[in-house]
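*Asks:*
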Amino acid sequence: KAGVTQTPRYLIKTRGQQVTLSCSPISGHRSVSWYQQTPGQGLQFLFEYFSETQRNKGNFPGRFSGRQFSNSRSEMNVSTLELGDSALYLCASSLTPGQGIWYFGAGTRLSVL
Amino acid sequence: EDQVTQSPEALRLQEGESSSLNCSYTVSGLRGLFWYRQDPGKGPEFLFTLYSAGEEKEKERLKATLTKKESFLHITAPKPEDSATYLCAVQAPQAAGNKLTFGGGTRVLVKP
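Read top to bottom, the protein sequences are chains E and H. For the first sequence, the working numbering assigns the number 136 to the initial residue and increments by one for each residue that follows. For the second sequence, the working numbering assigns the number 318 to the initial residue and increments by one for each residue that follows.
1. Roughly how many whole angstroms lie between the Cα atoms of P232 of chain E and Y184 of chain E?
2. Less than 7 angstroms between the beta carbons of G113 of chain E and L181 of chain E, yes or no?
3. Classify Q323 of chain H as buried or exposed, calling it buried when 16 or more other Cβ atoms lie within 10 Å of its own Cβ.
4. Between which two residues does the beta strand (DSSP E) containing S337 of chain H stretch?
5. Shortest alpha-carbon distance to E398 of chain H belongs to which of H:Q411, H:R424, H:E373 and H:K385?
6. Which chain H residues sit within Cβ distance under 8 angstroms of A241 of chain E?
7. Could you tell me if S162 of chain E is buried or exposed, where buried requires 16 or more neighbouring beta carbons within 10 angstroms of its beta carbon?
8. Quickly, what does DSSP pair R244 of chain E with across the bridge? List them, please.
9. Is it buried or exposed, K386 of chain H, if we count other Cβ atoms within 10 angstroms and call 16 or more buried?
10. Can you have a look at N206 of chain E and say buried or exposed, based on whether 16 or more other CB atoms are within 10 angstroms of its CB?
11. Residues in the region 389–404 of chain H with C-beta within 8 angstroms of chain E's C-beta atoms, listed in sequence order?
12. What is the rounded straight-line gap between the Cα of E430 of chain H and the Cα of A401 of chain H?
13. From the beta carbon of I161 of chain E, is the nearest beta carbon of chain H less than 7 angstroms away?
14. Just to confirm the assignment, what range does the beta strand (DSSP E) spanning F351 of chain H have?
15. Below 8 angstroms on C-beta distance, what does T366 of chain H contact in chain E?
16. Shortest alpha-carbon distance to S221 of chain E belongs to which of E:A137, E:F239 and E:F199?
17. Does DSSP put L181 of chain E in a helix, a strand or coil?
18. Does any CB atom of chain H fall closer than 7 angstroms to the CB of N194 of chain E?
19. Just the C-alpha distance for Y403 of chain H and Q172 of chain E, rounded to the nearest angstrom, thanks.
20. Please list, in chain order, the chain H residues whose beta carbon lies closer than 8 angstroms to that of F180 of chain E.
21. Given that Q408 of chain H touches chain E, what residues does it touch there, using C-beta distances under 7 angstroms?
22. Could you name the residues of chain E that G349 of chain H contacts, counting a contact when the two beta carbons are closer than 8 angstroms?
23. Quick one: Cα of P160 of chain E to Cα of A327 of chain H, how far?
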């Protein structure tokens with residue numbers, strides 16, 4: 136069974152640009168979450184989606200947005216990139232999110248220059 | 318606001334030298350406490366779920382325990398392949414969805 140797939144794996148952007156990251160969950164999983172991981176702040180929650188509906192949003196500025204499609208695939212977008220947005224962005228999917236069992240992808244490493 | 322603090326930040330062990338990792342938490346209504354393992358270049362991998370004080374879970378050389386304020390991950394007779402960052406997380410009350418609040422992690426290095 137294929138795991139969570141995130142594309143691209145690496146991305147280099149400059150300040151002010153925007154970026155879209157993609158996540159394909161495990162087949163059959165309808166819940167998807169996104170996290171930002173940095174050395175200083177660790178893993179911080181961005182969004183949670185279930186059946187195309189955003190269930191929860193973390194404390195990030197409005198420049199961070201996301202969506203989920205009918206096939207459960209998800210994208211997140213960051214507009215007007217800042218240097219501080221450089222991070223590893225992790226997507227996770229779950230069949231039983233209420234039990235805290237999430238399957239994470241390998242992440243997209245975003246570098247903002 | 319939910320808070321999770323892990324200690325130590327890093328741990329160097331000799332193969333076979335048992336040790337414990339600590340996770341202390343503050344949460345309004347614990348729905349669950351979770352341990353994940355993260356290897357370099359990979360996303361976190363689920364290890365255990367603990368729901369109530371006194372509960373214990375075991376998997377190979379790892380044993381997780383839970384009290385009302387802390388969780389411990391005991392590594393018994395570790396091997397080099399146990400080297401990883403171990404992350405502790407708590408789950409918010411159901412009204413807030415299923416977000417996990419993670420601690421900063423403990424980087425474990427097991428030397429042969």
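Glycine is no exception: its CB is placed at the ideal position from the N, C-alpha and C atoms.
*Replies:* This is what the structure holds:
1. Counting from one through the first sequence, the residue named residue 232 of chain E turns up at place 97. Counting from one through the first sequence, the residue named residue 184 of chain E turns up at place 49. Each residue's alpha carbon lies about 10 angstroms from the other.
2. Absent from the structure is residue 113 of chain E, since the part of chain E shown begins at 136 and ends at 248.
3. Taking the first residue of the second sequence as position 1, residue 323 of chain H is located at position 6. Flag for Q323 of chain H reads buried.
4. As a working note, residue 337 of chain H is residue 20 in the second sequence. Run containing S337 of chain H: S336 to T343, per the beta strand (DSSP E) assignment.
5. As a first step, residue 398 of chain H must be located in the second sequence, where it is residue number 81. Closest option to E398 of chain H, Cα to Cα, is H:R424.
6. Mapped onto the first sequence, residue 241 of chain E falls at position 106. Those within 8 angstroms of A241 of chain E in chain H are G358, K359 and G360.
7. Here residue 162 of chain E corresponds to residue number 27 of the first sequence, with the count starting at 1. Result: exposed.
8. Residue numbering aside, residue 244 of chain E sits at position 109 when the first sequence is read from its first letter. Partner(s): E:Y145 and E:L223.
9. For the purposes of this step, residue 386 of chain H is taken as residue 69 along the second sequence, with counting starting at 1. Per the 10 Å Cβ criterion, exposed.
10. Here residue 206 of chain E corresponds to residue number 71 of the first sequence, with the count starting at 1. Of the residues assessed, N206 of chain E falls on the exposed side of the cut-off, its CB having fewer than 16 other CB atoms within 10 angstroms.
11. L404
12. The first residue shown for chain H is 318 and the last is 429, placing residue 430 of chain H beyond what the model contains.
13. Mapped onto the first sequence, residue 161 of chain E falls at position 26. Judged by the 7 angstroms Cβ criterion, I161 of chain E is not in contact with chain H.
14. Reading the second sequence from its first residue, position 34 is the one you call residue 351 of chain H. Residues L350 to Q355.
15. In the second sequence, residue 366 of chain H corresponds to position 49, counting from 1. Those are Q234, G235 and I236, listed as they occur along chain E.
16. For the purposes of this step, residue 221 of chain E is identified with residue 86 of the first sequence, where counting begins at 1. Ranking the options by Cα distance to S221 of chain E, first place goes to E:F199.
17. Position 46 of the first sequence, counted from the start, is the residue given in the question as residue 181 of chain E. L181 of chain E falls in the strand class under three-state DSSP.
18. Here residue 194 of chain E is taken as the residue at index 59 of the first sequence, counted from 1. For N194 of chain E, the answer is no, since every Cβ of chain H falls outside 7 angstroms of its Cβ.
19. Here residue 403 of chain H refers to the residue found at position 86 of the second sequence. Here residue 172 of chain E refers to the residue found at position 37 of the first sequence. Going by the C-alpha atoms only, they are around 14 angstroms apart.
20. Locating residue 180 of chain E in the first sequence gives position 45, counting from the first residue. Per Cβ cutoff of 8 angstroms: K416, L417 and T418.
21. In the second sequence, counting from the first residue as 1, residue 408 of chain H sits at position 91. In chain order: G235.
22. Taking the second sequence and counting its residues from 1, the one referred to as residue 349 of chain H is at position 32. In chain order: Q234 and G235.
23. The residue labelled residue 160 of chain E in the question sits at position 25 within the first sequence. The residue labelled residue 327 of chain H in the question sits at position 10 within the second sequence. Looking at the two C-alpha atoms, the distance is approximately 32 angstroms.
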